[in-house]
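Reading through the structure tokens given below for one structure.
There are 2 protein chains.
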Amino acid sequence: MARTYNDQTEQNGAKTLSDQAYLQLRSDIIHGELLPDEKLRIEHLRGEYGVGASPLREALSRLTADGFVTAEGQRGFRVAPMSEEDLADITRMRILLEKQALSQSIEHGDDAWESRIVATFYQLEKVEESEARDPAEWEIRNHDFHEALIAGCTSKWLRRFYGILYDQHKRYRNIALSTEIPRDLHQEHEELRNAALARDTKRACDAIEQHIMRTAEITLKVLREETRREQEIA
Amino acid sequence: MARTYNDQTEQNGAKTLSDQAYLQLRSDIIHGELLPDEKLRIEHLRGEYGVGASPLREALSRLTADGFVTAEGQRGFRVAPMSEEDLADITRMRILLEKQALSQSIEHGDDAWESRIVATFYQLEKVEESEARDPAEWEIRNHDFHEALIAGCTSKWLRRFYGILYDQHKRYRNIALSTEIPRDLHQEHEELRNAALARDTKRACDAIEQHIMRTAEITLKVLREETRREQEIA
DNA sequence: TGCAAGTTTTTTATCGATATTTTTTGTAAA
DNA sequence: TTTACAAAAAATATCGATAAAAAACTTGCA
Numbered sequence: 069m070a071r072t073y074n075d076q077t078e079q080n081g082a083k084t085l086s087d088q089a090y091l092q093l094r095s096d097i098i099h100g101e102l103l104p105d106e107k108l109r110i111e112h113l114r115g116e117y118g119v120g121a122s123p124l125r126e127a128l129s130r131l132t133a134d135g136f137v138t139a140e141g142q143r144g145f146r147v148a149p150m151s152e153e154d155l156a157d158i159t160r161m162r163i164l165l166e167k168q169a170l171s172q173s174i175e176h177g178d179d180a181w182e183s184r185i186v187a188t189f190y191q192l193e194k195v196e197e198s199e200a201r202d203p204a205e206w207e208i209r210n211h212d213f214h215e216a217l218i219a220g221c222t223s224k225w226l227r228r229f230y231g232i233l234y235d236q237h238k239r240y241r242n243i244a245l246s247t248e249i250p251r252d253l254h255q256e257h258e259e260l261r262n263a264a265l266a267r268d269t270k271r272a273c274d275a276i277e278q279h280i281m282r283t284a285e286i287t288l289k290v291l292r293e294e295t296r297r298e299q300e301i302a
Numbered sequence: 069m070a071r072t073y074n075d076q077t078e079q080n081g082a083k084t085l086s087d088q089a090y091l092q093l094r095s096d097i098i099h100g101e102l103l104p105d106e107k108l109r110i111e112h113l114r115g116e117y118g119v120g121a122s123p124l125r126e127a128l129s130r131l132t133a134d135g136f137v138t139a140e141g142q143r144g145f146r147v148a149p150m151s152e153e154d155l156a157d158i159t160r161m162r163i164l165l166e167k168q169a170l171s172q173s174i175e176h177g178d179d180a181w182e183s184r185i186v187a188t189f190y191q192l193e194k195v196e197e198s199e200a201r202d203p204a205e206w207e208i209r210n211h212d213f214h215e216a217l218i219a220g221c222t223s224k225w226l227r228r229f230y231g232i233l234y235d236q237h238k239r240y241r242n243i244a245l246s247t248e249i250p251r252d253l254h255q256e257h258e259e260l261r262n263a264a265l266a267r268d269t270k271r272a273c274d275a276i277e278q279h280i281m282r283t284a285e286i287t288l289k290v291l292r293e294e295t296r297r298e299q300e301i302a
């Protein structure tokens, strides 16, 4: 009986309360529910997330190692800050790692790898072309497509670091999501797909670099506007 | 009074018991005191490290995010396994990141950066030439030299990832430390120093790649021997 | 008013206790 | 013997309580 209750309440692959708290906090930070520099008071979070102090502290410890949260001595936890420099840093690193992952992927990818790229691209295409663009839907499809591209990469560490950077970047992208995406994303994705399927490493790397750079530029622009607006208020 | 006691017992910058446990566990894993795949029982560790369950669990959570510990759903923690594939993976990634960090460093490094390279190289040289090579001393000097080389790199994320990989690699290097280092490390380090000071990015990157590759090759050889020996026993 | 020392309140970090889950051990049937 | 099952033991994950630290708030004095 208790098992049934647990099965219903646990989300994703969260087997412990600590995992649940970790995933929820992570998601809330990425999606801007928890704002940069915001103080994360254990007592407050307890009520918010419905778990005790121990699992919360464990979750926050992990998020600290991931760079989503900062922890200072006896002064508790905060949501990690955001800055233009950090975005530039993440962008540069993401380009480096995603190019590497893509190269390895093109080298080792088999038929299943190709199929997955075709399939995820098609799904992404559908969302991009639809009138009512659901940002959440697009986010998932976009992630699936990028994952498919680097699925042939066998490096555990490259995947780990890339995953962290993707989500870090996603946090920046999310705060800039309000503005409509003006550029022709579809064309960029198509070029990426074709280059990968043609096993043209150089072309694919150039495409991914351009793609990440443009996304980052737009995000940076929105971030600057928001920063300016905040300063005007203060 | 209590403060004085704390000041004496706390090591490094560890402001909390959790930090202490984190640093000690990390060090013990890197230095092989805790063996790969070894079960980390909270109750046992409590006695060993003299802290309660909560700080230990927090420390283990962080180490999990760092990749030094694995955690499985209601089944506790283990020291992360070691394998030839993992070593190869770490090596490849380290080359990628250290080359990048070195490039940025050569580009942005100032006079202080140059001075630090010269100084740390000199200290490393001293240890390498001395008759009684203290591995612990060498380890520190080697780390200082490599840190100095990439000190000009401004990327927070690059430093973070590089730091993790350096320590992961160090774990592999430590288990292979018993064997005497036969190659001419000094020459490799000198080439590295000269190339960096000459601001020759290409040459420095080649040097660092060779350097890391050779270290990894020797480590791999010892790791293979140990694996074989273990299998013979079993 | 401005500042500084002392006091209260809040918050954090940690411990001990408990319920739940996993592993081990023991026992009987195939 | 081996296998299957049940009971016991061990270990984990979690909670509530407490001690220690930091922040906020007085209050006294120049």
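Taken in order, these protein sequences are the chains called R and B. Residue numbers for the first sequence, in the working numbering: 69 to 302. Residue numbers for the second sequence, in the working numbering: 69 to 302. All C-beta atoms, glycine included, are put in the ideal place defined by N, C-alpha and C.
Residues sharing a beta bridge with residue i, DSSP
i: V147 of chain B; result: B:V137
i: L108 of chain R; result: R:F145
Environment of residue i [buried if 16+ CB atoms lie within 10 Å]
i: T295 of chain B; result: exposed
i: K167 of chain B; result: buried
i: R130 of chain R; result: buried
i: P123 of chain B; result: buried
i: Q142 of chain B; result: exposed
i: Y190 of chain B; result: exposed
i: R292 of chain B; result: exposed
i: R241 of chain R; result: buried
i: A187 of chain R; result: exposed
i: G231 of chain R; result: exposed
i: E300 of chain R; result: exposed
i: A220 of chain R; result: The identity of residue 220 of chain R in the sequence shown is Gly, whereas the question assumes Ala. With 16 or more Cβ atoms within 10 Å of its Cβ, G220 of chain R is classed as buried.
i: S86 of chain B; result: buried
i: D202 of chain R; result: exposed
i: E126 of chain B; result: buried
i: R162 of chain R; result: buried
i: R71 of chain R; result: At R71 of chain R, the pLDDT of 32 sits below 50, so the modelled position is not reliable; the number obtained from the coordinates is stated separately. Classification of R71 of chain R: exposed, given that the 10 Å Cβ count is below 16.
i: R297 of chain R; result: exposed
i: A156 of chain B; result: exposed
Separation of residue j from residue i, as counted between CA atoms
i: R271 of chain B; j: T159 of chain B; result: 19 Å
i: F229 of chain B; j: T138 of chain R; result: 17 Å
i: S183 of chain B; j: H257 of chain B; result: 16 Å
i: F145 of chain B; j: I218 of chain R; result: 30 Å
i: I98 of chain B; j: Q92 of chain B; result: 10 Å
i: A89 of chain B; j: R227 of chain R; result: 28 Å
i: S173 of chain B; j: V195 of chain R; result: 43 Å
i: G120 of chain B; j: T84 of chain B; result: 12 Å
i: E152 of chain B; j: E215 of chain R; result: 26 Å
i: A200 of chain R; j: L102 of chain R; result: 27 Å
i: Q278 of chain B; j: E207 of chain B; result: 19 Å
i: R204 of chain R; j: A148 of chain B; result: Note that residue 204 of chain R is Ala in the sequence shown here, rather than Arg. When rounded, the distance between both Cα atoms is 35 Å.
i: D105 of chain B; j: M150 of chain B; result: 8 Å
i: T77 of chain R; j: Y117 of chain R; result: Per-residue confidence for T77 of chain R stands at a pLDDT of 38, beneath the threshold of 50, marking its modelled position as unreliable; no derived number is given.
i: K224 of chain B; j: L165 of chain R; result: 15 Å
i: M69 of chain B; j: A82 of chain B; result: Reliability of the predicted coordinates at M69 of chain B is poor, the pLDDT of 29 falling under 50, and no value is obtained from them.
i: Q79 of chain R; j: E140 of chain B; result: In this prediction, Q79 of chain R scores a pLDDT of 47, lower than 50, which makes its location untrustworthy; the coordinate-derived value is nonetheless stated afterwards. Cα to Cα, the separation comes out at about 16 Å.
i: I185 of chain B; j: T269 of chain B; result: 15 Å
i: S198 of chain R; j: A284 of chain R; result: 24 Å
i: D212 of chain B; j: A244 of chain B; result: 21 Å
i: V290 of chain R; j: E259 of chain B; result: 46 Å
i: H237 of chain B; j: L128 of chain R; result: 27 Å
i: I280 of chain R; j: E193 of chain B; result: 43 Å
Endpoints, alpha helix (DSSP H) assigned at residue i
i: V195 of chain R; result: D179 to E197
i: D154 of chain B; result: E152 to H176
i: A263 of chain R; result: L253 to L265
i: L85 of chain R; result: L85 to I98
i: E101 of chain R; result: No alpha helix (DSSP H) holds E101 of chain R; DSSP gives it neither H nor E.
i: R201 of chain R; result: R201 of chain R -> no alpha helix (DSSP H), and no H or E assigned at all.
i: D268 of chain B; result: It is not in any alpha helix (DSSP H) - D268 of chain B carries neither H nor E in the DSSP assignment.
i: I36 of chain B; result: An answer regarding residue 36 of chain B cannot be provided, because it is not within the stretch 69 to 302 covered by chain B.
Would you be able to state if there are at least three C-beta pairs under 8 Å between the stretch 250-265 of chain B and the stretch 103-112 of chain B?
-> The stretch 103-112 of chain B, when compared against the stretch 250-265 of chain B, does not touch it at the 8 Å Cβ threshold.
Tell me, please, whether the stretch 261-276 of chain R touches the stretch 172-187 of chain R by the rule of three or more beta-carbon pairs shorter than 8 Å.
-> The stretch 261-276 of chain R makes contact with the stretch 172-187 of chain R; the number of CB pairs closer than 8 Å reaches 3 or more.
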